[in-house]
Amino acid sequence: MHAPHARLMRLATRAALTVALTLVLAKAIAWWLSGSVSLLAGLTDSLLDSAASLINLIAVHFALRPADEDHRYGHGKAEALAGLGQALFIGVSAVLIGLQGIERLQAPQPLEAEGVGIAVMLLSLALTLALLGFQRKVVRETGSTAIHADSLHYRSDILLNSSILLALLLTRFGWLQMDAIFAIGIAFYIFWSAISIVRGAVAVLMDEALPSEVSQHMHQLACAVPGVLGAHDLRTRVSGTRWFVQLHLELPGEMSLSEAHAHCVAVERAIREHYPRSEVLVHADPPEVVRH
1 MHAPHARLMR LATRAALTVA LTLVLAKAIA WWLSGSVSLL AGLTDSLLDS
51 AASLINLIAV HFALRPADED HRYGHGKAEA LAGLGQALFI GVSAVLIGLQ
101 GIERLQAPQP LEAEGVGIAV MLLSLALTLA LLGFQRKVVR ETGSTAIHAD
151 SLHYRSDILL NSSILLALLL TRFGWLQMDA IFAIGIAFYI FWSAISIVRG
201 AVAVLMDEAL PSEVSQHMHQ LACAVPGVLG AHDLRTRVSG TRWFVQLHLE
251 LPGEMSLSEA HAHCVAVERA IREHYPRSEV LVHADPPEVV RH
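Sequential numbering from 1 applies to the sequence shown in the UniProt record's numbering.
Written out as structure tokens, the structure is:
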């Protein structure tokens, strides 16, 4: 792991936890003053965001540890495990919010201090947008699974906070049931976000291959190295921010071991120049052992 990437990932996890804890305090005050069930939904979500971000911080710290004797491929899959933990928290929050919304829909109540709630939601939107901008930069530069999962559920917070803001505005004008209706809609959206995170985490834990277009490009890069007759058995998988790539090179049988090694190094370099996160393992085969 490059030091700048590790620093960015640590900063992203700390920023997410700070934002989540700030919003917990602000939403708790606003909910206490207003009694809004949609604000309670937002508070529940922020509480679970805090727990998920804390898990993320711990997981990223563990995932950034270098490979050791017991984990020769590093600890990158800790990020995927954190993603599953986040999905669990998000799924639970969706169920709790949905139940609260149904209860309030059956017995709508007027709200108090809507102005405080509206101000808090505007603050929530501003902080969440700033955090998402930073997380997008970190994911683009590091490819972190955990930060990406964190970004997904904070992205859903934009819709959630906007919905709460709209619900508070409508309730202020006498649409009392809108508070509960928006809370139920938010619950469904959060639950779908949890399913998306699970899919991404399971793909990493099950060693799903990189997209076919990436594998095909790697194959083309290998075959383009002068002296290489072809390549086969290219395998890829992801662990944290690292891509593990294995392939067999087809080289002339009369080539010396030193020359074959030089060609393997050239192929590894060609792939890593285009995909810096890759760790490439190359095996050389003479044409007569290759089965097409």
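The beta-carbon is built from N, C-alpha and C at its ideal position, and this holds for glycine as well.
Rounded to whole angstroms, what's the CA-CA distance from ALA26 to ALA183? Just pull it up for me.
As a first step, residue 26 is located in the sequence shown; it is residue number 26 there, counting from the start. As a first step, residue 183 is located in the sequence shown; it is residue number 183 there, counting from the start. Rounded to the nearest angstrom, the two C-alpha atoms are 18 Å apart.
Roughly how many whole angstroms lie between the Cα atoms of THR44 and ALA201?
Position 44 of the sequence shown holds residue 44. Position 201 of the sequence shown holds residue 201. Looking at the two C-alpha atoms, the distance is approximately 23 Å.
Whole-number beta carbon distance between GLY115 and ALA187, since they are thought to touch under 8 Å
By one-based count along the sequence shown, residue 187 stands at place 187. By one-based count along the sequence shown, residue 115 stands at place 115. That belief does not hold up - the Cβ atoms of ALA187 and GLY115 are roughly 25 Å apart, past 8 Å.
Rounding to the nearest angstrom, what Cα-Cα distance links VAL19 and VAL139 in this structure?
For this step, residue 19 is matched to residue 19 along the sequence shown. For this step, residue 139 is matched to residue 139 along the sequence shown. Spanning the two alpha carbons is a distance of roughly 18 Å.
Would you identify the three-state DSSP class for residue 305, choosing helix, strand or coil?
With the chain represented from 1 up to 292, any question about residue 305 goes unanswered, as that position is not in the structure.
List the endpoints of the continuous alpha helix (DSSP H) containing ARG277.
As a first step, residue 277 is located in the sequence shown; it is residue number 277 there, counting from the start. Element bounds for ARG277: n/a, residue is neither H nor E.
Pull up the distance between the alpha-carbon of LEU23 and that of GLU273, whole angstroms please.
Position 23 of the sequence shown, counted from the start, is the residue given in the question as residue 23. Position 273 of the sequence shown, counted from the start, is the residue given in the question as residue 273. So the two alpha carbons sit approximately 42 Å from each other.
Continuous beta strand (DSSP E) stretch holding GLU250: start and end
Position 250 of the sequence shown, counted from the first residue, corresponds to residue 250. Where GLU250 is concerned, the enclosing beta strand (DSSP E) stretches over 242 to 250.
Beta strand (DSSP E) segment containing LEU234, residue limits:
For this step, residue 234 is matched to residue 234 along the sequence shown. Looking at the DSSP string, the run of the beta strand (DSSP E) that includes LEU234 is 230 to 239.
CB ILE181 to CB GLY91, shorter than 9 Å?
Here residue 181 corresponds to residue number 181 of the sequence shown, with the count starting at 1. Here residue 91 corresponds to residue number 91 of the sequence shown, with the count starting at 1. It is not a contact, given that the beta carbons lie outside the stated cut-off.
With a cut-off of 8 Å, do at least 3 Cβ pairs link the region 154 to 166 to the region 123 to 135?
yes
For MET218, report the span of its alpha helix (DSSP H) as first-last.
Within the sequence shown, the letter at position 218 stands for residue 218. Residues 212 to 223.
Since SER196 contacts LEU152 with CB under 8 Å, what's their CB separation in whole angstroms?
Locating residue 196 in the sequence shown gives position 196, where the first residue counts as 1. Locating residue 152 in the sequence shown gives position 152, where the first residue counts as 1. Right, their Cβ atoms sit about 6 Å apart.
Beta-bridge pairing of VAL282 - partner residues as DSSP gives them
Counting from 1 along the sequence shown, the entry for residue 282 is found at position 282. Paired residue(s): LEU247.
Rounded separation between ALA203 and PHE173 - CA only
The residue given as residue 203 occupies position 203 in the sequence shown. The residue given as residue 173 occupies position 173 in the sequence shown. Rounded to the nearest angstrom, the two C-alpha atoms are 47 Å apart.
My understanding is that VAL238 touches VAL280, with C-beta atoms under 8 Å, so please give their C-beta distance in whole angstroms.
Translated into positions along the sequence shown, residue 238 becomes position 238. Translated into positions along the sequence shown, residue 280 becomes position 280. The pair is not a contact, with the Cβ atoms about 14 Å apart (cut-off 8 Å).
Please identify the residue among GLY85, CYS223, VAL120 and ASP233 whose C-alpha is closest to the C-alpha of ARG199.
Reading the sequence shown from its first residue, position 199 is the one you call residue 199. If we check each option's Cα against that of ARG199, GLY85 comes out closest.
Contact defined as beta carbons within less than 8 Å: I believe LEU221 pairs with ALA270. What is the distance between those atoms, to the nearest angstrom?
Indexing the sequence shown from 1 puts residue 221 at position 221. Indexing the sequence shown from 1 puts residue 270 at position 270. Correct: roughly 5 Å between the Cβ atoms.
State the CB to CB distance for the pair PRO287 and LEU229, rounded to an integer number of angstroms; the pair is presumed to be in contact (CB under 8 Å).
Taking the sequence shown and counting its residues from 1, one reaches residue 287 at position 287. Taking the sequence shown and counting its residues from 1, one reaches residue 229 at position 229. With 8 Å as the limit, PRO287 and LEU229 qualify as a contact, their Cβ atoms being about 6 Å apart.
Report the rounded CA-to-CA distance for VAL289 versus LEU210, giving the unit in angstroms.
The residue given as residue 289 occupies position 289 in the sequence shown. The residue given as residue 210 occupies position 210 in the sequence shown. If you take the alpha carbons of VAL289 and LEU210, they lie about 27 Å apart.
Residues near SER53 in its chain [Cβ-Cβ closer than 7 Å; skip 5 each side]:
Along the sequence shown, one-based indexing puts residue 53 at 53. Closer than 7 Å at the Cβ level, and outside the excluded window around SER53, lie THR13, ALA16, LEU17, ALA20 and ASP150.
Enumerate in chain order the residues of its own chain whose CB-to-CB distance from residue 295 is below 7 Å, with the five nearest sequence positions on each side excluded.
Outside the modelled stretch of the chain, which goes from 1 to 292, sits residue 295, for which no answer is possible.
So, under 8 Å CB-CB, GLY117 and SER36 are touching, yes? Tell me the CB distance rounded to an integer number of Å.
For the purposes of this step, residue 117 is taken as residue 117 along the sequence shown, with counting starting at 1. For the purposes of this step, residue 36 is taken as residue 36 along the sequence shown, with counting starting at 1. So it is a contact: roughly 6 Å between Cβ atoms.
With a threshold of 16 other CB atoms inside 10 Å of the CB of HIS283, please say whether the residue is buried or exposed.
As a first step, residue 283 must be located in the sequence shown, where it is residue number 283. So HIS283 counts as exposed.
I need the straight-line Cα distance from LEU247 to HIS219, nearest angstrom please.
If you number the sequence shown from 1, residue 247 lands on position 247. If you number the sequence shown from 1, residue 219 lands on position 219. About 9 Å.
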